[in-house]
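Heads up: the structure comes next, in structure tokens.
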Amino acid sequence: MKVIITADHAGMTIRNEVKDLLEEMEIEFEDVGCSCESSVDYPDYALPAAERIANGEFDRGIFICGTGIGMSIAANKVKGIRCALTHDVYSAKLTRQHNNSNVIALGERVIGPGLAREIAKVWLETEFDGGRHANRIDKIKTYEEK
Ligand code: RB5
Numbered sequence: 001m002k003v004i005i006t007a008d009h010a011g012m013t014i015r016n017e018v019k020d021l022l023e024e025m026e027i028e029f030e031d032v033g034c035s036c037e038s039s040v041d042y043p044d045y046a047l048p049a050a051e052r053i054a055n056g057e058f059d060r061g062i063f064i065c066g067t068g069i070g071m072s073i074a075a076n077k078v079k080g081i082r083c084a085l086t087h088d089v090y091s092a093k094l095t096r097q098h099n100n101s102n103v104i105a106l107g108e109r110v111i112g113p114g115l116a117r118e119i120a121k122v123w124l125e126t127e128f129d130g131g132r133h134a135n136r137i138d139k140i141k142t143y144e145e146k
């Protein structure tokens, strides 16, 4: 699995926590910023990172901002992206099993780095259930093709 990580200025601490986790899990990843402490615009990071998942360069993404909301809204504009804003472990597991999410968004002003790590770990370890859930995702794909 190849994972792309991105964060705005409000997501730096969780970004570093998630990078430590990925190293521990021996998962290949690329961090595409931001690299600065000054204010940046989350779409400038979410959209290009989401495109690199949509085009097959990466399998999954973990996007972090203050609330996770801006990153999730932007990511879900990219065709083929199923981004879940996830602030609890149960949702992290279910969004893999039922939604086959390929991105999670996390909000550093909402949860701490410890919970973010647990959420990311469960999300990375959980497989898609397929079956009836695949039919539902196919309906979203059909809509995207219109
Ligand atoms: C930045 O202040 C903040 O708006 C951003 O990180 C994010 O929370 C937006 O949804």
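Residue numbers for the sequence shown follow the UniProt record's numbering, beginning at 1 and rising by one. All residues carry an ideal CB built from backbone N, CA and C; glycine is no exception. The structure presented is a predicted model; accordingly, all values stated were derived computationally and were not measured.
Item	Value
First and last residue of the uninterrupted alpha helix (DSSP H) at alanine 10	No alpha helix (DSSP H) holds alanine 10; DSSP gives it neither H nor E.
beta-carbon glycine 70 near the ligand RB5 non-hydrogen atom, thresh 7 Å	yes
Where serine 72 falls, given that 16 or more other Cβ within 10 Å makes a residue buried	buried
Start and end residues, beta strand (DSSP E) containing glutamate 30	28-31
Cutoff 6 Å; reference isoleucine 53; Cβ partners in own chain excluding five residues on either side	Gly61 and Asn102
CA-to-CA distance, alanine 46 to glycine 112, given in whole angstroms	21 Å
Where isoleucine 64 falls: helix, strand or coil (DSSP)	strand
Range covered by the alpha helix (DSSP H) that runs through valine 122	113-125
beta-carbon tyrosine 42 near the ligand RB5 non-hydrogen atom, thresh 7 Å	yes
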